[in-house]
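A.B. asks:
In my numbering, the protein residues as written are 98 to 329.
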């Protein structure tokens, strides 16, 4: 019995035989994910002008269509070479940004998700956790950690543990208007990862990517700077 438990435990933690996504699915998701991210960036840059000038929505639409061009004409070809694919969390966050920029103004909604999420102390704790995770992965890539953190993301147990940890903020924030939506991004991203193994078969690539990590650091630094100014 003990030998069976030891064998099962080793299998769950073994990253030697990872489950990878299908090649065609990986290529389609690369175009779709970069399209959503670029459209969200365009919508964020244009800001409130989108609501006052609906014709400006052609810019996010064109940005979303750009990755689907063939060959080297596609921006996803070059972004894929340089940065691979964005994380599922970043893709879902981009979809949420597009929803907030388009659907909410269309129905006369104001504040919504952003107003409840930004002021939540738990939100800042989760943002800080994402920053720390990014630094841990960076140290692992430089071989400065005693464990192989990134390689462990290929093991079967990684997704199960991530689901349990990601459900904690969703349970705590689901009663808050809009809070449960944002807190549910990571559990949904992990669920997509378990089903489709996107974007690379590694859990950490599904949860966090370098650009999202830099964005989280900017949010934390801005918050710390605001606190410092209030105290001084």
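Beta carbons are placed, not taken as given, at the ideal position from N, Cα and C, and that holds for glycine. Quantities reported herein were computed from a predicted structural model and do not represent experimental measurements.
If you draw a straight line from the C-alpha of residue 286 to the C-alpha of residue 328, how long is it?
C.D. replies: 37 Å
A.B. asks: Just to confirm my understanding: we take residue 237, look at its own chain, exclude 5 residues before and 5 after, and list those with CB closer than 6 Å. What are they?
C.D. replies: 246, 247
A.B. asks: What are the uninterrupted segments assigned as alpha helix (DSSP H) that are 4 or more residues long and contained completely in the region 109 to 147, given in chain order?
C.D. replies: With a minimum length of 4 residues, the unbroken runs of alpha helix (DSSP H) contained wholly in the region 109 to 147 fall at 120 to 143.
A.B. asks: Under 9 Å, do residue 220 and residue 308 count as touching if we go by C-beta distance?
C.D. replies: No, the pair does not count as a contact, with Cβ atoms beyond the cut-off.
A.B. asks: Throw me the rounded Cβ distance for the residue 289 and residue 120 pair, which I believe falls under 8 Å.
C.D. replies: In this structure residue 289 does not touch residue 120 by the C-beta definition: roughly 18 Å separates them, more than the 8 Å allowed.
A.B. asks: Leaving out five residues on either side along the sequence, give the residues of the same chain with a beta carbon under 6 Å from the beta carbon of residue 157.
C.D. replies: The beta carbon of residue 157 lies closer than 6 Å to those of 136, 139, 140 in the same chain, with the five residues before and after it left out.
A.B. asks: Kindly confirm or deny that the region 152 to 171 and the region 121 to 133 touch, where touching means at least three C-beta pairs closer than 8 Å.
C.D. replies: yes
A.B. asks: Measuring straight from C-alpha to C-alpha, what distance separates residue 255 and residue 152?
C.D. replies: 45 Å
A.B. asks: State the start and end residues of the unbroken alpha helix (DSSP H) segment that holds residue 155.
C.D. replies: 155 to 162
A.B. asks: Give every residue of the same chain whose Cβ lies closer than 6 Å to the Cβ of residue 358, excluding the five residues on either side of it in the sequence, and list them in chain order.
C.D. replies: Outside the shown range of the chain, which is 98 to 329, sits residue 358, and nothing can be said about it.
A.B. asks: Using 8 Å for Cβ pairs, my map puts residue 301 next to residue 229. What's the rounded Cβ distance?
C.D. replies: Actually they do not touch by this definition, with Cβ atoms about 13 Å apart.
A.B. asks: Look up residue 208 in the DSSP assignment and say whether it is helix, strand or coil.
C.D. replies: Unreliable placement is indicated for residue 208, whose pLDDT of 48 sits below 50; the coordinate value is still reported in the next sentence. Residue 208 falls in the coil class under three-state DSSP.
A.B. asks: In three-state DSSP terms, what is residue 258?
C.D. replies: Residue 258: helix per DSSP, three-state reduction.
A.B. asks: Taking the straight line between their C-alpha atoms, what separation do you get for residue 122 and residue 177?
C.D. replies: 14 Å
A.B. asks: Can you tell me whether residue 259 is buried or exposed? The criterion is at least 16 other CB atoms within 10 Å of its CB, across all chains shown.
C.D. replies: When all chains shown are included, residue 259 counts as buried.
A.B. asks: Hey, how far is the Cα of residue 190 from the Cα of residue 169?
C.D. replies: 27 Å
A.B. asks: Mind reading off the beta-carbon distance from residue 231 to residue 310? Whole number of angstroms is fine, and I expect it under 8 Å.
C.D. replies: 4 Å
A.B. asks: With distances taken between CB atoms, is the gap from residue 183 to residue 296 smaller than 9 Å?
C.D. replies: yes
A.B. asks: Nearest-angstrom Cα distance between residue 115 and residue 294?
C.D. replies: 10 Å
A.B. asks: If you measure between the beta carbons of residue 283 and residue 316, is that distance less than 9 Å?
C.D. replies: Contact flag unset, no.
A.B. asks: So, with DSSP's three-state summary, where would you put residue 244?
C.D. replies: coil
A.B. asks: Looking at the secondary structure, which residues open and close the alpha helix (DSSP H) in which residue 328 lies?
C.D. replies: 307 to 328
A.B. asks: Taking all protein chains shown into account, decide if residue 240 is buried (16 or more other Cβ within 10 angstroms of its Cβ) or exposed.
C.D. replies: Under this definition residue 240 is an exposed residue.
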